[in-house]
Every structure is written in structure tokens, then in C-alpha cells.
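Report on one structure; see the data block that follows.
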Amino acid sequence: MNPSKFFHVKRKITSAVMMSLSLVATLIAVIPLILIFYYTISKGITYLNIDFFVAMPKPVGESGGGMANAIVGTLMLIGIGGAIGIPVGVMSGTYLSEFGNNKFGATVRFLTDVLSGVPSIVVGVVAYTLVVVPMKHFSAFAGGIALGILMIPTITRTTEEMIKLVPHSIREAGLALGIPKWKTTILIVLKTAWKGIATGILLGLSRAAGETAPLLFTALGNRFWSTNVMQPMASLTVYIYDYAKSPFEDWNNQAWTAALVLIIMISMLSLLFRIITRSKFKTK
Amino acid sequence: MINSEIQPDIENSRVEINNTAVRPPGFFKKVFGTYNLGDFIFERLTLLFAVLVFLLVILMGYEMYVGSKISIDKFGWSFLTNSVWDPVQEIYGALPIIYGTIVSSFLALVISVPLSIGIAIFLSEVSPGWLEKPLSFLVELLAGIPSVVYGLWGIFVLVPWIRTDVEPFLSEHLGFLPFFRGAPYGFGMLAAVLILAIMILPIVSSISRDILRSVPQSQREAALALGATRWQSTKIVLKDAKSGILGATMLGLGRAVGETMAVTMVIGNRAVISPSLFDPSYTMASVIANEFTEATSEMYLSALIQLALVLFVLTIIINAMAKLLVWSMERKLGTR
Numbered sequence: 224m225n226p227s228k229f230f231h232v233k234r235k236i237t238s239a240v241m242m243s244l245s246l247v248a249t250l251i252a253v254i255p256l257i258l259i260f261y262y263t264i265s266k267g268i269t270y271l272n273i274d275f276f277v278a279m280p281k282p283v284g285e286s287g288g289g290m291a292n293a294i295v296g297t298l299m300l301i302g303i304g305g306a307i308g309i310p311v312g313v314m315s316g317t318y319l320s321e322f323g324n325n326k327f328g329a330t331v332r333f334l335t336d337v338l339s340g341v342p343s344i345v346v347g348v349v350a351y352t353l354v355v356v357p358m359k360h361f362s363a364f365a366g367g368i369a370l371g372i373l374m375i376p377t378i379t380r381t382t383e384e385m386i387k388l389v390p391h392s393i394r395e396a397g398l399a400l401g402i403p404k405w406k407t408t409i410l411i412v413l414k415t416a417w418k419g420i421a422t423g424i425l426l427g428l429s430r431a432a433g434e435t436a437p438l439l440f441t442a443l444g445n446r447f448w449s450t451n452v453m454q455p456m457a458s459l460t461v462y463i464y465d466y467a468k469s470p471f472e473d474w475n476n477q478a479w480t481a482a483l484v485l486i487i488m489i490s491m492l493s494l495l496f497r498i499i500t501r502s503k504f505k506t507k
Numbered sequence: 020m021i022n023s024e025i026q027p028d029i030e031n032s033r034v035e036i037n038n039t040a041v042r043p044p045g046f047f048k049k050v051f052g053t054y055n056l057g058d059f060i061f062e063r064l065t066l067l068f069a070v071l072v073f074l075l076v077i078l079m080g081y082e083m084y085v086g087s088k089i090s091i092d093k094f095g096w097s098f099l100t101n102s103v104w105d106p107v108q109e110i111y112g113a114l115p116i117i118y119g120t121i122v123s124s125f126l127a128l129v130i131s132v133p134l135s136i137g138i139a140i141f142l143s144e145v146s147p148g149w150l151e152k153p154l155s156f157l158v159e160l161l162a163g164i165p166s167v168v169y170g171l172w173g174i175f176v177l178v179p180w181i182r183t184d185v186e187p188f189l190s191e192h193l194g195f196l197p198f199f200r201g202a203p204y205g206f207g208m209l210a211a212v213l214i215l216a217i218m219i220l221p222i223v224s225s226i227s228r229d230i231l232r233s234v235p236q237s238q239r240e241a242a243l244a245l246g247a248t249r250w251q252s253t254k255i256v257l258k259d260a261k262s263g264i265l266g267a268t269m270l271g272l273g274r275a276v277g278e279t280m281a282v283t284m285v286i287g288n289r290a291v292i293s294p295s296l297f298d299p300s301y302t303m304a305s306v307i308a309n310e311f312t313e314a315t316s317e318m319y320l321s322a323l324i325q326l327a328l329v330l331f332v333l334t335i336i337i338n339a340m341a342k343l344l345v346w347s348m349e350r351k352l353g354t355r
């Protein structure tokens, strides 16, 4: 074989090997995903019954019972978080895209990036010093504030990006008709971009639903039925944590079921998110 | 009244018309900077919320500084260098905890980054179009699983597997190294590293994929036209994307350093420095998660808040560096 031909074959083989390695890497990454889903579904489904949704947790040592309080608690905590995170995120995102072409805008943009990188446990510590310490007791309100802070960066940045996608001609048409800028922004620009903004909001909410760390010492957890936002409140994630560590097999199994229910809740949110984005691109 | 984001030349010409021909600036314009009271209110209102975000980040740093004042005053910098963490005797040195955080995140990156680059190459250079969407979706699904579910899976699936298969295997074949000695508990550094590697895979690979895609197609076409193989053209793409991939790695590091629940559930939670990966360890985030509600004395709580402050500053530095690296690449390629 002449040397140039040998080199030709060799580099082709190298190429084929490296490209197959990239496929192998992808397959390796998919394995844990399949394993996690397999265990969550197969173990979670054994304890999945109507009791889980309607019954209260049983006292230590008794088997059975459900997590009705935790399901309602998780929904309420996301609700409080959303009530804080959505307005702040949407309004500051609007500022960044409409008026933020200056140094202050760049600073805020940088700080939202910083905020999105801050570990959720640190946000929990801040919510503790801000709310729990002055109030002198744990509360759902403090947990909701922590979740709200965690939602702000996602919602702010998506709102900004989505508003920027609205063509300038649409704004100019509004302004040319003599409509003041604030009305143009709210009634025309935000209305055009709302689907994208809604996706950002859903993404923020679904991330918040899966958070545990910021709730550990803010909302704390509660073994009883409580919808009082000024008192400790149960949540699915904190239950999973507590039950996974407990020595009782029955509780361990319920942790799997709680994980399954939590993942179903989150996927329902992201399904909603996909439906919204799909219809958005169809109309275009 | 004209939007400031349109082309500069058009903007200037229109502003001129606005000021001279259409409406001369009156008292209202001079005071409020606009002709419309609604505009004035709307801009200030959105500004208020933007200021709120600004203040929030400042407030977070300030709150943690105030909360950890007692501990900072007592320990100062020795907080970071002292290796004894003893709540009973009220001695707080975070060195073993910082060691655990750095080692676990670093080793997770060592496993995760090569895999992520492989996935990114596959998704952007190799895979046929129809396969790409479901695969990206699967990888993104991994990112959507809550941390606590990873932890649950870690306790009941990963840790038993490590205890019965991985650790005996490693100590039998690589036991001469100090990294693979000791009793196979299962719970420990090795479990934390593996679970962290799985958890940061989605973020590093999806950002790397976007980075590879942002390299202009003409680069690949030029290489292929010269007779390069797929791998040779990919190497050129990787060279262009180097700083961007480094940025993605830094973002993954930021994630790993702050990851709390899954790590707390499998790392064994003991503040010791040990070279062996089989031994339990501790990370900053897991100390806070594990001990915060148990902190009874003021000094204990203050030390934990100081740990949160260190973590906060560390993640800000890591993320800022990541941001700069990604920016520098985008500017170089002129894609933005």
C-alpha cells in the first residue's frame, strides 16, 4: 500500500471511530434517564391509589395514608411564588426590552444572570433571614418568597427575549396612529408576545414546583392539613426528602409515589408549555 | 417618542422632525421628558420593578453579611482555612467542607464534560435530522427532573449498586491507589460525584450544542471542500467553539457547586478530608441543608449563614466567568 493511500484510509477510520464515540456518549447519557424513569414509575405506581390524593399522612409506624396536604401545599407554594415572581419578572423584562438600552439595563441583565446561577439553598437562607427571623416562625409565606425569587430570572429573561421578537413595524404602526407608547406596549406588543411570555412563566413555575432546598427552613413542612400561609406548610418535595431518609419501608415507598406524582405534575406543566409554543409557530 | 432601538440614522432624522415640525417641546415635555403622562408613569413603573431586581441581589448579599456578622467577627479568614467543624465546641472551620465541594464538583466535571462534548458533537454534526429532536428532548427531560428525585434514586438504586458492585471492584483492582481504599459504605464521595455528573450533563451538553451550532456553516463547508473528513471538520468547529465550551463547563461547575438535595442524600454528610472516594464527605450546600434547622445557638446559625455567603460569592464568580467566556466567543464569531 502506498503511504498516501494508507494515510487516506487511516484518517477515514479515525473519523468513523470519533463519530461513533459521539454516538456512544449520547447513549451513555440516556441510560441514567431511562433508569430514573423506570424506577420512579415502577416503584411509584405500586402505592399510587386514590388514598394518596385524598388521605392525610398516617402517624409514625402506621402504614397507608396519603399526601393530600402536600399536594395542596405544593400548589399553594407555587401560587405564592408566582404571585411574587410573575409581576416582577414580566415588568422588569418589559423594562429591559423597551427602555433598557442603557447602562442600568445592562447591569440588571447581568444581575438576573447572576440570580439564575445562585443556588436555591442560598435563596432559602435569604428568605429565612428576611422573613422567618422577623416573624419568629416558619411559614408558607417565606417559602413562597423563596420560590418567587427563584422564578424571577427565568421570567425576566424570557419576557425580554419574547418582546424583542415582536417586529418593529408593529410598534411603529401603533405609534403612527398616535397611540401613546405605553398603550402600544401593553395592548399591542405584550399582546403579540404573550404566548412566549406564558411559556417562560410556566417554565419558572415548573422549576419552582421541583424545588426542595429553599423550602427546608422556610415552609418547613407540616404533617397536618393547613392552608394558612402564615403557618408551616407541607410540600411534596420536602416529603420525598424526609420519607426517603426514614427507616420505614412504607415511607420509602410513599416517597417514590410522591416523586411520581411530582414528575407528572411538572410534565403536565411542560406539556402545556409545548402546546402553547406549538400553536404559536402554527399561526406564524 | 420614537423607539430607540431602530437604526440610528432613521432615528436621528425622525427625532428632528418630532422636535421641530410636529410639536415644539413645551413645559410638560421639559418636566417629564415625554408628551404623555401615561408614558411617564409606565416607564417609571417598569423601571421600579427593574430596580427591585437590582436591589434584590444587593439585599441578598447584605442580608447574609449581617446574618453571619458574629461568625465573621470571631473567625475571620480562618473560617476558610481551619479544618475543624465542631458544632458542640462551637468551632467552625469550613476547610473540609470547601474541600468536599471542590473535589465533588471537579470530578463530576471530569466525567461529565467529555460526555457532554460527545453529545453536542453528535447532535450538531452527526445525527440525522429526524433523530435530533427526540434526543434533544430526552436530554432536556433530564434537566427537568427535580433534584430530590435524583436523590431518591441515588439512595435506593445508585448507592446499593456502588456498595455491592462498584466499590468492591475498584478496591480489588485499583486498591493500591489511596483513592479507592476503605470500607464500601456506598454513601460517600463516589456516589455524590456520579449523581452530580448525571445532573450537570443536560446543562453542559445543551449549551455546548448551541455553541457548536453557532459556528458558521461555511467553516464546515470550507473544510469538507478541501477534502477533510467529518472528524477533521469537527475539530475545526471545536477550535472555534473552545471558549464557548469552556463557558458551558463553567456553568456546569456553578450548578455542581450549588447542587443541594441529591448530594446531601448520598454524600454521607461528615466533615472530614480524606483522599479516598469511598469515604463520606460534605459540601457547602449539603451542610446548610442538613444542619440549618438543627442550629440552636446563634453562633452555629451565623456560621451556616457565612457558609451560604461563601457559596453565593463563589457561584457569582463562576457564573460571571462563564458569561464572559461565552460572550467572548460570540463576539469573535460575530454571531451576535
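Protein chains in written order, with the numbering used here: chain L, 224 to 507; chain U, 20 to 355. Note that beta-carbon positions come from the ideal geometry of N, C-alpha and C, so glycine has one too.
{"Query": "Runs of alpha helix (DSSP H) lying entirely within the stretch 228-298 of chain U, each at least 4 residues, in chain order", "Result": "236-244, 249-259, 261-277, 280-285"}
{"Query": "Partner residues on chain U for Pro255 (chain L), Cβ-Cβ distance less than 7 angstroms", "Result": "Ile217"}
{"Query": "First through last residue of the alpha helix (DSSP H) which encompasses Lys281 (chain L)", "Result": "Element bounds for Lys281 (chain L): n/a, residue is neither H nor E."}
{"Query": "The alpha helix (DSSP H) enclosing His391 (chain L), as first and last residue numbers", "Result": "391-399"}
{"Query": "Residue range of the unbroken alpha helix (DSSP H) whose run includes Ser90 (chain U)", "Result": "88-94"}
{"Query": "Terminal residues of the alpha helix (DSSP H) in which Leu338 (chain L) lies", "Result": "326-340"}
{"Query": "Residues sharing a beta bridge with Gly288 (chain L), DSSP", "Result": "L:Pro280"}
{"Query": "Touch test, the stretch 331-343 of chain L against the stretch 328-346 of chain U, Cβ-Cβ under 8 angstroms, three pairs minimum", "Result": "yes"}
{"Query": "Pairwise C-alpha distance: Ala290 (chain U) and Ala365 (chain L)", "Result": "29 angstroms"}
{"Query": "Limits of the alpha helix (DSSP H) - the one that Arg446 (chain L) falls within", "Result": "Careful: Arg446 (chain L) lies outside any alpha helix (DSSP H) and carries neither H nor E."}
{"Query": "In chain order, each alpha helix (DSSP H) run of at least 4 residues that lies wholly inside the stretch 369-442 of chain L", "Result": "391-399, 413-432"}
{"Query": "Nearest candidate by alpha-carbon position, reference Val306 (chain U), set U:Phe297, U:Met318, U:Gly287", "Result": "U:Gly287"}
{"Query": "C-beta neighbour in chain U for Ala482 (chain L), strict 8 angstroms", "Result": "yes"}
{"Query": "Residue interval of the alpha helix (DSSP H) (run including Gly148 (chain U))", "Result": "148-163"}
{"Query": "8 angstroms Cβ cutoff, Glu35 (chain U) in contact with chain L", "Result": "Any answer about Glu35 (chain U) is weak, because its pLDDT of 46 lies below 50 and its placement is not dependable; what the coordinates show is given next. It does not; no Cβ of chain L falls within 8 angstroms."}
{"Query": "Neighbourhood of Tyr169 (chain U) by C-beta, 8 angstroms cutoff - its chain only, sequence neighbours within 5 removed", "Result": "Ile214, Ile217, Met218, Met280, Ala281"}
{"Query": "Among U:Thr315, U:Thr334, U:Ser293, nearest to Ala304 (chain U) - alpha-carbon criterion", "Result": "U:Thr334"}
{"Query": "Any chain L beta carbon closer than 8 angstroms to Ile335 (chain U)", "Result": "yes"}
{"Query": "Distance between beta carbons of Ile463 (chain L) and Leu67 (chain U), contact taken as under 8 angstroms", "Result": "About 38 angstroms separates the two Cβ atoms, so there is no contact after all."}
{"Query": "Contact under 8 angstroms by Cβ, Pro197 (chain U) with Pro294 (chain U)", "Result": "yes"}
{"Query": "Segment limits, alpha helix (DSSP H) that includes Thr302 (chain U)", "Result": "It is not in any alpha helix (DSSP H) - Thr302 (chain U) carries neither H nor E in the DSSP assignment."}
{"Query": "Length at least 4, wholly inside the stretch 180-236 of chain U: the alpha helix (DSSP H) runs in chain order", "Result": "186-193, 208-233"}
{"Query": "Beta-carbon neighbours of Tyr270 (chain L), restricted to chain U and to distances below 7 angstroms", "Result": "Correct list: empty, because the minimum Cβ distance to chain U is about 13 angstroms."}
{"Query": "Rounded C-alpha distance that separates Gly305 (chain L) from Asp259 (chain U)", "Result": "41 angstroms"}
{"Query": "Chain-ordered chain L contacts of Ser227 (chain U) [CB-CB under 7 angstroms]", "Result": "Correct list: empty, because the minimum Cβ distance to chain L is about 11 angstroms."}
{"Query": "Where Tyr270 (chain L) falls: helix, strand or coil (DSSP)", "Result": "coil"}
{"Query": "is_contact[Asp473 (chain L), chain U] using C-beta, thresh 8 angstroms", "Result": "no"}
{"Query": "Ala40 (chain U) in three-state terms, based on DSSP", "Result": "Summary for Ala40 (chain U): the model assigns pLDDT 46, below 50, so the residue's position carries little reliability, and this model does not support an answer."}
{"Query": "Candidates U:Ser97, U:Glu62, U:Asn309, U:Met284: closest to Val178 (chain U) by CA position", "Result": "U:Met284"}
{"Query": "Rounded C-alpha distance that separates Ala211 (chain U) from Trp250 (chain U)", "Result": "34 angstroms"}
{"Query": "Closest by C-alpha distance to Met290 (chain L), when choosing among L:Leu494, L:Ile499, L:Ala478", "Result": "L:Ala478"}
{"Query": "Secondary structure of Ser315 (chain L), DSSP reduced to three states", "Result": "helix"}
{"Query": "Per-residue contacts from Phe230 (chain L) into chain U (C-beta, under 7 angstroms)", "Result": "What Phe230 (chain L) touches in chain U: nothing, since even the nearest Cβ is about 11 angstroms away."}
{"Query": "The stretch 430-439 of chain L touching the stretch 305-325 of chain U, judged by at least three CB pairs closer than 8 angstroms", "Result": "yes"}
{"Query": "Neighbour list for Arg380 (chain L) in chain U, Cβ cutoff strictly below 7 angstroms", "Result": "Ordered by position in chain U, no residue passes the 7 angstroms Cβ test against Arg380 (chain L), which lies about 11 angstroms from the chain."}
{"Query": "Beta carbon proximity, Phe68 (chain U) to chain L, threshold 8 angstroms", "Result": "yes"}
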